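Residue numbers for the first sequence follow my numbering, so the first one is 18 and each next one is one higher. A short write-up of the structure that comes next.
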Amino acid sequence: MAYNPTSIEKKWQAYWQANKTFRALDPAEAGDKPKKYILDMFPYPSGAGLHVGHPEGYTATDIVSRYYRHQGFNVLHTMGWDAFGLPAEQYAVKTNTHPRVTTEANIQNFRKQIQMLGLSYDWDREIDTTDPKYYRWTQWIFLQLYNSYFDPFDNQAKPIGHLVAELENENLVVAPDGSVHINPVHEGMEAISGDVNTFRKWASFDAAEQRGILDGQRLAYTDEVAVNWCSGLGTVLANEEVIDGKSEVGGYPIERRPMRQWMLRITAYSDRLLADLDTLDWPDSLKEMQRNWIGRSVGAEVDFEIEGSEDEIRVFTTRPDTLFGATYMVLAPEHELVTQITTFDQKVAVETYRAASKNKSERDRMQDAKDKTGVFTGAYAINPVNDEKLPIWIADYVLMGYGTGAIMAVPAHDERDWAFAQKFNLSIKQVVQPVQGHVSSHTAFTETGIAINSNFLDGMPTEKAKSEMIDYLEAENAGHKSINYKLRDWLFSRQRYWGEPFPIVLDNVGNHFAVGEDELPVTLPQIEDFKPTGTPEPPLSKATDWLKYQTNNSQLASRNLTRETNTMPQWAGSCWYYLRYIDPNNANAMVDQTKEKYWMPVDLYVGGVEHAVLHLLYARFWHKVLFDLRYVSTIEPFQRLVNQGLILGETEFHFFEIPGGKAISATEFTNISEEATDQGLKLAGIHKQTGQKHFATRVIEQLVEKKGDRYVLKANAEIAVDARSFKMSKSRGNVVNPDDIVKDYGADCFRLYEMYMGPLEAQKPWNTRDIVGMWRFLNGVWRNIVGDEDKTVTLSDDPIPEAIDRQLHRTIKKVGEDIESLRFNTAIAELIKLNNELGKLTTIPRYLAETFVILLSPLAPHMAEELWAHLGKPPSIQHVAWPKYDASKLVDAQIELPVQINGKLRDKLIIDADADEATIFQQVESAEKIKPWIEGKTIRKRVYVSKKMVNYVVS
RNA sequence: CCGGGCGUGGCGGAAAGGCAGACGCUACGGACUUAAAAUCCGUUGACCGCAAGGUCGUGUGGGUUCGAUUCCCACCGCCCGGACCA
18 MAYNPTSIEK
28 KWQAYWQANK
38 TFRALDPAEA
48 GDKPKKYILD
58 MFPYPSGAGL
68 HVGHPEGYTA
78 TDIVSRYYRH
88 QGFNVLHTMG
98 WDAFGLPAEQ
108 YAVKTNTHPR
118 VTTEANIQNF
128 RKQIQMLGLS
138 YDWDREIDTT
148 DPKYYRWTQW
158 IFLQLYNSYF
168 DPFDNQAKPI
178 GHLVAELENE
188 NLVVAPDGSV
198 HINPVHEGME
208 AISGDVNTFR
218 KWASFDAAEQ
228 RGILDGQRLA
238 YTDEVAVNWC
248 SGLGTVLANE
258 EVIDGKSEVG
268 GYPIERRPMR
278 QWMLRITAYS
288 DRLLADLDTL
298 DWPDSLKEMQ
308 RNWIGRSVGA
318 EVDFEIEGSE
328 DEIRVFTTRP
338 DTLFGATYMV
348 LAPEHELVTQ
358 ITTFDQKVAV
368 ETYRAASKNK
378 SERDRMQDAK
388 DKTGVFTGAY
398 AINPVNDEKL
408 PIWIADYVLM
418 GYGTGAIMAV
428 PAHDERDWAF
438 AQKFNLSIKQ
448 VVQPVQGHVS
458 SHTAFTETGI
468 AINSNFLDGM
478 PTEKAKSEMI
488 DYLEAENAGH
498 KSINYKLRDW
508 LFSRQRYWGE
518 PFPIVLDNVG
528 NHFAVGEDEL
538 PVTLPQIEDF
548 KPTGTPEPPL
558 SKATDWLKYQ
568 TNNSQLASRN
578 LTRETNTMPQ
588 WAGSCWYYLR
598 YIDPNNANAM
608 VDQTKEKYWM
618 PVDLYVGGVE
628 HAVLHLLYAR
638 FWHKVLFDLR
648 YVSTIEPFQR
658 LVNQGLILGE
668 TEFHFFEIPG
678 GKAISATEFT
688 NISEEATDQG
698 LKLAGIHKQT
708 GQKHFATRVI
718 EQLVEKKGDR
728 YVLKANAEIA
738 VDARSFKMSK
748 SRGNVVNPDD
758 IVKDYGADCF
768 RLYEMYMGPL
778 EAQKPWNTRD
788 IVGMWRFLNG
798 VWRNIVGDED
808 KTVTLSDDPI
818 PEAIDRQLHR
828 TIKKVGEDIE
838 SLRFNTAIAE
848 LIKLNNELGK
858 LTTIPRYLAE
868 TFVILLSPLA
878 PHMAEELWAH
888 LGKPPSIQHV
898 AWPKYDASKL
908 VDAQIELPVQ
918 INGKLRDKLI
928 IDADADEATI
938 FQQVESAEKI
948 KPWIEGKTIR
958 KRVYVSKKMV
968 NYVVS
């Protein structure tokens, strides 16, 4: 009987489904079973269906999940659909189908494809972010954000009612701009700078003002902000969704414009998001990306008086120690003070420059980064440390969005300031000296060193000078220590149809109110015309009936209220889905607290690196808010995280003409000629080493010429070949469809191949040719345990022969360790080796076969089930205990010991594994092959590394 | 320009300071077959040699060590991310 994956896989997939083999037990049923929560990044179900990249991560977690089930763990392993968002809606617009319809169809298709792979999900826990039963709780979490503020005393979120209490108790006071501060006179609190007398007490505000102040403190708030408006998509986008001044989706241009938007106060969590990274078992590169994104920098804010004006310019600097070296000031063109301070003479120039930079796209600004532009305002600022007059310029190299939108320029110690000063002939004053050597006269010295020309700082190293300067500024009331972040608050509203509606209603003067939790979900209305309006007015404004808010809520009923028409961004649903898997059908809570405590945190989270700063930062933020509000029990959601590497398309051979061709590699091809193929005319080359023929997929036109109706390689054209792999893409035509592979070789073979390609984290090219290796392996396993027409296998109850028994135990150890550390390629290699040994036996001891099948089970589960049944075992193998290895059997009684002379291998001796050093040296020195190397020489040193090797140093 | 990672046969890759190239693919030789495909067995880093054996070899140059693909320094190349962030 030959191995037939198609029928086997169908049979066992049906069995698993019917018997709910992979059902995760709720804590009440689980008893004292330990848990593992193994999570995949759930897919966005696109119309294109699964590509080979999806199953890579899914297979990895599937193997781990199955392994832990064998180890006796209660495993939570689930799948769901992140189905709201821009691409679904764009596709719907393009095909003129309602997104509900296309999304349903895509989910069906994804589910079918994923189930075909036989992954061990608990399908009873499947979730869909567009299901009202799910997004009801997304809205509920939004309400928690809306009804909370960030308490500066405890550095955590609290219900907004607590804020009112703090204000009433005057622990907090309100600044003129409506911002809330710790009361400087509050006992035990450090005084903050600024004029204490400008702070006002809560009681001095009227009701409308109080409302405004509270709204300004919510974790979800509205603000008039300069947003990334994308007219191509008809929506605003988060900074994270804009790449090089274009939309990440679609690549449409972005324009900055002020709009009223919902924001989430993620910046309040900057420090905690940064600090808690240290507690996580994540790749360093990914942590670093998050650190860079949060972009914490420590420095000072300094206030500069403006000559002849009441106003001051506040700047942020990381180098307060260089304040004596400031020679001019720069404001961002959009800075609010520009109009007021510009002198009459400079007015035209300044306005012209402002208009020009406003029209410049972000992209243009970036491209002009090296070439500094700017205009003098005619005004002067006063350096607070030495009363020097500093000319105030405007320039677009200063960004309104970072720091205070204004800088003090220290050209001697900042490269941008240096370039600007050079161009506009501004003075340069050195105030830091390197500890050793001298400063170059044609570049800025940006390192730390020793302060000079800096009055009271002279002679101090940079770090000391910084803190001295901050002390001085604070004493003089001219500045203070300050920490700045690149991270901005999260722009949370979109002018789209296909997203979660906000559980918010508005009155006619723009006040917003939360709907009651009992009114959730606020369902998305079924409207025919869901297309973007092309204006900032969201499509939901066209749902006239839905728009009118009717309620029994007595507080809101009397007003004339309409629903918020913005929707939430794509990321909302994925911020908390890992919590819903724990308790997917709970109609009374987001998640039951007992279940949450049992399953959290996620033990292993696998997904693509593309979510390094978006999803993973947002989800951590929401989780921390939920933690502060006591809804979840862990400070972080994802304890261990692994990024699977991209699978690239098959290697392409590019042919180049040698003269002028840049991407030339050593020419390994001969007999290059032009040939007709099924796809058309192509260049073909014979590989010198392998003799294989390769076809070029890209050919420079100059290499071929037309002769009659044929193309021929030009006479004497010299050719070089560059072999490279590219990202799979439709346009390149190198996308591999998993369905075809599964149809030809089966799911087991497909998953083995993907896992065998190389390390999970590594980027690696697809190579269809290599699949046959795994096919041969699986057939070999089948032949060695079941047999086929050429080989009859007998099972016996004999003990396992010693040599193969030792190998079996080594394999048990290696496969287990490799799966735990996600090194599936070497785990498979180990099983291949053991199978190759099995092939030499015609009588297989039953225990050997059984153990082998269990080891194979996480990696090739369908075949393992079938073999398990063949061995006369009842189904299913999935929860059968993982074998234990016997440590005493890991090492052979006799081992082969390499012998080196001066670090070079000269012989290998068979020794007793437990022989002592002296015996071994004696053996070495009497070995025939070693004698010639040591005779007549002095042995300077003998090294024996236990059971590993011997090295003699002779001369 | 800054940050992170990587560099090993014809290819994918093994080797957590200790036998470089596990395992798989390819290629070559053989078996089976009328033949091909499939399958099975053997060989397969380069060079010298009939062989025994020897020499070289993990991007380049240096260092630490009895011993370096592995650790350190500099350089070259590739990949990923960020980038006028004061």
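All residues carry an ideal CB built from backbone N, CA and C; glycine is no exception. Just so it is clear, the structure is predicted and the values come from calculations on it, not from any experiment.
So residue i and residue j are supposed to be a Cβ contact under 8 Å. How far apart are they, rounded?
i, j, result
"Lys150", "Asn91", "Wrong, their Cβ atoms sit about 25 Å apart, outside the cutoff."
"Gly251", "Pro549", "3 Å"
"Asn301", "Gln656", "Correcting the residue type first, residue 301 is Asp in the shown sequence and not Asn. No, Asp301 and Gln656 are not in contact; Cβ-Cβ is about 16 Å, not under 8 Å."
"Leu851", "Ala866", "About 11 Å; that fails the 8 Å criterion."
"Asp815", "Pro862", "5 Å"
Which residues share a DSSP beta bridge with residue i?
i, result
"Ala317", "Thr334, Lys498"
"Gly97", "Ile144"
"Ile323", "Ala398"
"Ile521", "Ala531"
"Asp1000", "No answer is possible for residue 1000: it lies beyond the span of the chain, which begins at 18 and ends at 972."
"Thr811", "Thr860"
"Asp168", "Gln173"
"Lys744", "Leu665"
Please state whether DSSP places residue i in a helix, a strand or coil.
i, result
"Thr120", "helix"
"Asp416", "For the record, residue 416 in the displayed sequence is Leu; it is not Asp. Coil at Leu416, not helix or strand."
"Phe216", "coil"
"Asp562", "helix"
"Ile836", "helix"
"Gly624", "strand"
"Gln30", "helix"
"Ile599", "coil"
"Leu254", "strand"
"Lys304", "helix"
"Cys592", "coil"
"Asp298", "strand"
"Glu934", "helix"
In or out: residue i buried (at least 16 other Cβ within 10 Å) or exposed?
i, result
"His826", "buried"
"Leu876", "buried"
"Asp404", "exposed"
"Gln587", "buried"
"Arg749", "exposed"
"Met745", "buried"
"Gly178", "exposed"
"Ser458", "exposed"
"Thr239", "buried"
"Lys375", "exposed"
"Glu324", "exposed"
"Arg277", "exposed"
"Asp546", "exposed"
Do residue i and residue j have their C-beta atoms closer together than 9 Å?
i, j, result
"Pro62", "Ile124", "yes"
"Phe841", "Ala77", "yes"
"Cys592", "Tyr635", "yes"
"Glu73", "Gln661", "yes"
"Ile424", "Gln450", "no"
"Phe393", "Gln363", "yes"
"His94", "Ile55", "yes"
"Asp79", "Tyr594", "no"
"Asn577", "Asn525", "yes"
"Tyr961", "Ile937", "yes"
"Phe341", "Leu236", "no"
"Ile25", "Met880", "yes"
"Gln940", "Ala930", "no"
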